[in-house]
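Protein chains in written order, with numbering that gives the first Met the number 0: chain D, 0 to 323; chain R, 0 to 314; chain Z, 0 to 326; chain A, 0 to 552.
Just so it is clear, CB atoms sit at the ideal spot from N, CA and C, and this is done for glycine as well.
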Amino acid sequence: MRRYILVRALYSLVTLWLLVTIIFGMVRLTGDPIQMKGEVGADPVYLEEIKKRWGLDKALHQQYASFIGKLLQGDFGHSFEKSLSVRDIYFERLPNSLKLGLAAFVISIVLGVPLGMLSALRVNTWWDNVGKMIALVGLSMPGFFVGMVLIIIFGIELGWLPVLGKGGSALVWGSPSTWLTFWFRDWLHLIMPAFALGWYFSGAMLRITRSGMLDVLGSDYIKLVRLKGVPERMVVAKHALKNSMIPVLTFAGLNLLIMVNVAVVIEVIFNWPGVGQLLYDGLSNRDFPMVQGVVLMSGLMIVMLNFTIDVLYGYVDPRIRLSR
Amino acid sequence: MATIPVRATPFDGIFRVARRSYRVVADVPSIPLLIVSILTFVAIFAPVLAPHGKLDPVKPTPAQCQAKFGMANCPYIDNVPPFWLSGGTFDTPLGTDFLGRDMLSRLMYGARISLVVALTGTLFAGALGTLLGVMAGYMGKWWDQIIMRVTDAWLTLPSLVFAILLSSVRGPGLWNVVLILALVFWSRYSRAVRGEVLALRERDFVRLAEINGVGKFTIMFRHLVPNVMNTVMVLFSLQVGVAVIIEASLSFLGVGVPPPEPSWGLMMAQERESLMEGRWWLAVFPGIGITMLVLSANMLGDWLRVRLDPQLRNR
Amino acid sequence: MPPRLRVTDLRTHYFGFGGTRVVKAVDGVSFTLEAGETIGLVGESGCGKTTTCYSLVRLLPPGARILSGRIELEGEDLLTKSQAELREIRGRRIATILQDPMASLDPLFSIYDQVAEPAYYHRALRGQTLRRRVLELLTAVRIPSPERRMRDFPHQMSGGMRQRIVGAIAQAGGPQVIIADEPTTNLDVTIQLQYLNLLKELQRASGVALIFVTHNLGIVAKMCDKVAVMYAGKIVEMQSVRGLFYDPRHPYTRALLDSMPKLGTKEPLYAIPGQPPDLSALPPGCSFQPRCPHAMDRCRHQEPEEQPVGNGAIAKCWLSVPEVARE
Amino acid sequence: MITRFLAAIAGLTLVAATCTDVAAQSPSRAPILSGPLAKLDIKDAQIQTAKGKPQGTLTIAQHFGLDPGWLDPLEHGYAITQMTYDYLVHDAMIKPMPQGEFTYSLAEQAEMTADFLKAAFRLRPGLKFHDGQPLTTADVKWTYENFKGFYSKLFRDKLEHIQVVDDRTIIFHFKQPFLEFMDLYNGGVSGIGWIVPRHYYEKVGRDGFKAHPIGAGPYKFVSQQAGVQMVFEAWGEYWRRTPATKTIVVKGISQLAARVAGLETGELDLAFGMTGKLLPRVMQDKNLRWVPNYTSVWYLMFPGYNEPDSPFHDKRVRQAVSLAINRQFLARQESQGIGKVWGNWISPENRDAVKGDGTELPLPEFNPEKAKQMLAQTKFPNGFDFEWYVPFVPYLDMGERVVTDLRAVGIRGKLQAVEGPAFRAKIGQGRKGYPGNRTIVQNIDPRPGGAQAPISVYAVCGSPASFVCEPPIEELWAKHQTSRNPEERDRLIKAIQKVLIEEYYMVPMYWNPFVHVVGPRVLPEGKGFERYWDTLHAPYPWPWEVWEVKADK
């Protein structure tokens, strides 16, 4: 087991390192950020100085070395466009994304999981077909389309919900009074973006719940539980649910990370000041450190989640441990 | 002991084949097939079918100009509603956009873009991913380690972020979107194909070929590639829908297909502001187009998956 | 007094592809079973053995339907019972042991939980009583240090140990009939033997009737009192074990026996020619005729009836009909 | 090149001013410098001595993401946007105000010797920063020496030394005559005149200052979320007056639809850059008021036109492009007709601009038939495909309209939509930003100063952002650079503008209204609010301390 964990950890590190390298290289292919500062009539001396300050005057391998070195100290550098430290900006935005992501996550689970279970328990019936259809439609409607339709109906025609931003409340790390209140304010602002974001994932959740549940319901151990004469509702609620929730929760965890870190389109449509918008801004401004920081944070979270899942699975099922 | 031949007339065989193929055809979900066929037909014959051009405004009559702008001559009439709303005409059944261009024609040409981009992009991704997956699975050792580590790192990047990142390297453009889709999605194939190849590698026909001294590349392309085609096809069909959405999202964000080409995602982005003015149709029609295409692609993909994977027959 | 279990003319079919495809998995199966008796169900895979077993407890996959027949457990017809009543029977009066010990235990619940369930639901045992009962059962199936092991989870145990736990679960409700569906297929040979001895012992102690599904005739010889040979959803021959081995009456039984490896000979192994039939498209006449070395014209047109062949044995073959055999 | 352009600006300050009224109001000024002085036209500040009470909140929508770097004048770029924040938190020695382009602010007296070798300032008495520390000439000196923004090299190279006479008096000594000094030192042009507190900046460092700046301006910085929001609060001790509005919140909202929605719901009180599809909605809304705020002119350029294989090498092709554009209809669709069709590419707001309203330069003609005839005489009788049409971002719709007009006469091209920063970066590289020579660039540049400012950037060979390089223009430009005669300079700069238009090197479209909209909270009600836009050459309604809003409920 220890060997298995070590190997997995090593793989995760290698993956992270590759990710860092790919991002580093790719971001540098997007263009010269100095030119972005060099608006019409810019002073060349000023541009030279910025170049030096941003470390872009050094050779690529030196830039890479210092980037990795700083990264190991948890320093993502300073944003080119927004002037402040990437880490500070990222963590300032993270609560907003977290709020949106969590709300969407809850929506995707509340919609997806019960429907998926129903679908699986009533497999090949009318219920199942409706469930499958909902899932497919969910997966087929782009988030921005759902978002726009919501804006038309609830924002403009009915005028029930605000259409922009996250409202006035903000989580400020410096003032602990906002740490809690932030999550419970401005719910009206949250409804539409969270639904538009959660919609797609609820389709995915429905599918994974359904197939996970079907896998479990078709398994020998559920058969044996039934053969023991355990009441059907206990078969489902106790054995089937617990077992089928493992892949569902794994998937949901991954979804949460994606919703938090890269809800680019939804955040842009709803003007939601989250991490996704930060990434989008960063890309259009060739803000290397910002893009690197955001992508790496999301990569780090995903790699860590995968590692945890691998280890947990390894504990639960020795066969996985051996087969990898 | 003698084997007892199964007696059968030649007709039995024909009947059996006929019965089987009928079952397959009868089993294809008809609605998505119909939608995809219609969209493909429209996409191919858009220049013939479209009532107007995709880039040029519909020429207005002086009377129309007088009514709308109070002048005898105007280049176009913008924002004509669909025919069932007041002010709509049958000449432009789904109305016109902000430049007086016919929505219906643009939607037809838009189907072209979506299909071409999604299909070619996914195809390239499939080819690249299959190749790398077969290599990783069959060559093993370092090949496997390197390819799979890169695949893992690749999969860690959410596809849309990756696509946006690549698009700011390449800039907007239709073929750039194709390239981006190929570069983003290959890793999905290589992961699945490698697993398949690991199992196939141990099978008799591969062993036999190895013993007979068949070259590595021949084994990979003659024996392994055809055998992973089922998996690749299933992945392909499911990935096409995602590719359509990614293309639309990129165009929506302004980093995909550049205007004035009528990409559905771009049309939605351009008419986002019209929504506030109540001209919902301008953004909703392309949205419906995307949804229909992706929905039917997904349904066909699902069906194919069940068809090609006997374990899932009853799902 | 009615027999422990009597199955009469059981028919279970699968309906697929919107009813256009019918698989006759069980097609007119009848047998009886007395207390303390063991019947072996033998046949190639896909001949309907497992479906027969699940039909008995009426736990069939979606798409399968029992069309006709009677299943009487001590005289009560199970087919007329509601699912709630059946639940009372499952695990309590009819218990089951499944084929794959690695897969038949829920990985997320402890051994204790899983062994306790039947007693919990059927005997309403709680607390210390339940705990004692579980310990008793685990001791009976010879789990070493059961106190400690019952807190373990399935993945911490070996295959043989798990199958013994499944045996304990089967015993937990105090059943009248145990259905063992190839319980030893996935076990090592030495553990197989241990396990079979254990089952025998438990049967002797409780007088439970045993339905033993297998394709291993060696196990049949060791375990069973009588044997039903199934082919294409039907019982083609039913005999006492002794009768079956010394005087097989159906060509299929003979073929099965021939295909058993024999100690001390260097004869090449015999394989039954042809493929098991497609249960959705059975050949006309006798289902076995395309593979039968003795097939006659009649076999191709008319399905043979069940024929008594002496000593209470029956066979389903034209060869067993004296007039026809003489022709 | 920039030096040359600056020299041109400086020439203007030589123009003698009629400043009798102002002098009458000004405090008695003891001269700082001896010897003959250059005449400077600097208006006096209007000081309101009565203490008011600030009230209400003004919420402003900036039309792109907010950069904390804007809060630091030491790194002042060219971007006009940054001055919005200068005017809030900081104060300059001299800055544009409604009274005039040069108005005394922190300085109450400025002098320059007639040989332009010395410049002197005297600060107002009792100036303070937000933290209560006095603002002295030491801060002025430190700001000058540590300025890193645009033009910093020029300031550094010209300087010999700085002489701090006392806490209120400072003299800059230059190595060579620094004609353009006063022009550039003006807060409306560079960042060097906006004084930064030395003690605080040195304490918190460059990033600390951007995270939480302190200045001597009317508003104190309160908090910010990078890119999203900044909050400022009235500083009661501002020297000129008590700011009228208590709190100013700036939000970065790049989507037009979101800004309009914000105005309608009352979440916003002031928003910039209303255009296109939503302009009619804003104009019809009874709760909202708008000002046209004409800034600069839309025009087209043809990078690489002077290469013989470029389709735009032929003047007749460029003329056909001009003839093909239906400017009247374009302005109607994009700006509801308030955009004025204009015949010069330089805004009439720039001094010495030739008027493009048909008086000095003719109104451009729309005549597609004639355009086709022009094309028929060239190598392209059936029209041709050019490569890219690059519209100013985010005005993609307008670009598409122009491309469609061009298609109608057979000039066919695709739209190249790049992100805003990338567009500005490419424009900054001039011809080099657009490889190939089959591209049309649509640009607009609200640049303060005289007409020579845009010319020096876009239309002379030496500029890094040059799109036009023609010997006749170079000749005129060289004469202009050396001349000290105001009339001659004026004539030369106008001649250059005429060449650029008559040769169709620049194809103007219309004078763009950069429409600003205010919500119902802004006072005074009715038309009076337009006075906030009185400051000359300011695309934004500075200064902020005069803005009044209704009190919070």
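Original post:
Roughly how many angstroms separate the alpha carbons of residue 179 of chain A and residue 204 of chain A, rounded to a whole number?
Top reply: The C-alpha of residue 179 of chain A lies about 31 Å from the C-alpha of residue 204 of chain A.
**OP:** Under 8 Å between beta-carbons, which chain D residues line up against residue 168 of chain Z? List them in chain order, please.
**Re:** 223 and 227
Original post:
Out of curiosity, what's the CA-to-CA distance linking residue 313 of chain Z and residue 92 of chain Z?
Top reply: 28 Å
**OP:** Output the boundary residues of the beta strand (DSSP E) element that contains residue 511 of chain A.
**Re:** 505-512
Subject >> CB-CB length for residue 76 of chain A against residue 149 of chain A, believed under 8 Å >> reply: 6 Å
Original post:
Does any CB atom of chain D fall closer than 9 Å to the CB of residue 305 of chain R?
Top reply: no
Original post:
Helix, strand or coil: which one does DSSP assign to residue 68 of chain Z?
Top reply: strand
Subject >> Runs of alpha helix (DSSP H) wholly within the region 115-148 of chain D (minimum 4 residues, chain order) >> reply: Taking only runs of at least 4 residues, the alpha helix (DSSP H) segments lying wholly in the region 115-148 of chain D are 125-139.
Original post:
How long is the line joining the alpha carbons of residue 22 of chain Z and residue 246 of chain D, rounded to whole angstroms?
Top reply: 34 Å
**OP:** Inspect the beta-carbon positions of residue 98 of chain Z and residue 187 of chain Z and report whether they are closer than 9 Å.
**Re:** no
Original post:
Does the Cβ of residue 460 of chain A have 16 or more other Cβ atoms within 10 Å, making it buried, or fewer, making it exposed?
Top reply: exposed
Original post:
For residue 326 of chain A, is the classification buried or exposed, using 16 other Cβ atoms within 10 angstroms of its Cβ as the cut-off for buried?
Top reply: buried
Original post:
Which residues, taken in chain order from the region 411-434 of chain A, show a beta carbon closer than 8 Å to some beta carbon of chain D?
Top reply: 418, 419, 420, 421, 423, 424, 425, 426, 427 and 428
Original post:
Which full runs of the alpha helix (DSSP H) of 4+ residues lie inside the region 299-339 of chain A, going along the chain?
Top reply: 314-323 and 326-334
Original post:
Who are the neighbours of residue 284 of chain A on chain R, taking C-beta pairs under 9 Å?
Top reply: What residue 284 of chain A touches in chain R: nothing, since even the nearest Cβ is about 11 Å away.
Original post:
Roughly how many angstroms lie between the CA atoms of residue 473 of chain A and residue 388 of chain A, to the nearest whole one?
Top reply: 28 Å
**OP:** Return no unless some Cβ of chain A is closer than 9 Å to the Cβ of residue 275 of chain R.
**Re:** yes
Original post:
Grouping DSSP H, G and I as helix and E and B as strand, with all else coil, what is residue 423 of chain A?
Top reply: helix
Subject >> Identity of the residues DSSP links to residue 94 of chain Z by a beta bridge >> reply: Z:177
Subject >> Boundaries (first-last residue) of the alpha helix (DSSP H) holding residue 287 of chain Z >> reply: Premise fails: residue 287 of chain Z is in no alpha helix (DSSP H) and is neither H nor E.
Subject >> For residue 230 of chain Z: DSSP bridge partner residues >> reply: Z:233
Original post:
List, in order along the chain, the chain R residues whose C-beta lies closer than 7 Å to that of residue 140 of chain D?
Top reply: 290
Subject >> Where the region 135-157 of chain R meets chain D: residues whose CB sits under 7 Å from a CB there >> reply: 148, 149, 151, 152, 155, 156 and 157
Original post:
Residue ranges of each alpha helix (DSSP H) run of no fewer than 4 residues wholly in the region 370-412 of chain A, ordered along the chain?
Top reply: 395-407
**OP:** Under 8 Å Cβ to Cβ from residue 183 of chain D, same chain only, skipping five residues before and after it: list those, please.
**Re:** none
**OP:** Would you identify the three-state DSSP class for residue 144 of chain R, choosing helix, strand or coil?
**Re:** helix
Original post:
At which residue ranges does the region 186-235 of chain A contain complete beta strand (DSSP E) runs of 3 or more residues, listed in the order of the chain?
Top reply: 218-224 and 228-233
**OP:** Give the straight-line distance between the Cα atoms of residue 31 of chain Z and residue 3 of chain Z, rounded to the nearest whole angstrom.
**Re:** 8 Å
Original post:
For chain R, is any of its Cβ atoms less than 9 Å away from the one on residue 147 of chain D?
Top reply: For residue 147 of chain D, the answer is yes, since a Cβ of chain R falls inside 9 Å of its Cβ.
Original post:
Is the region 170-179 of chain A touching the region 88-99 of chain A in the sense that three or more CB pairs, one from each, lie closer than 8 Å?
Top reply: no
Original post:
Grouping DSSP H, G and I as helix and E and B as strand, with all else coil, what is residue 11 of chain Z?
Top reply: strand
Original post:
Given that residue 121 of chain Z touches chain D, what residues does it touch there, using C-beta distances under 7 Å?
Top reply: Under the 7 Å cutoff, chain D gives 228.
**OP:** Note down, one range per segment and in chain order, each alpha helix (DSSP H) of at least 4 residues found wholly within the region 94-164 of chain R.
**Re:** 102-138 and 140-155
**OP:** Just the chain A side, please: which residues come within less than 7 Å of residue 258 of chain R by C-beta, in chain order?
**Re:** 395, 399, 414 and 416
Subject >> Residue interval of the alpha helix (DSSP H) (run including residue 8 of chain D) >> reply: Annotation: the continuous alpha helix (DSSP H) that includes residue 8 of chain D extends over 1-28.
Original post:
So is residue 295 of chain A in contact with chain D if we call contact Cβ pairs under 9 Å?
Top reply: no
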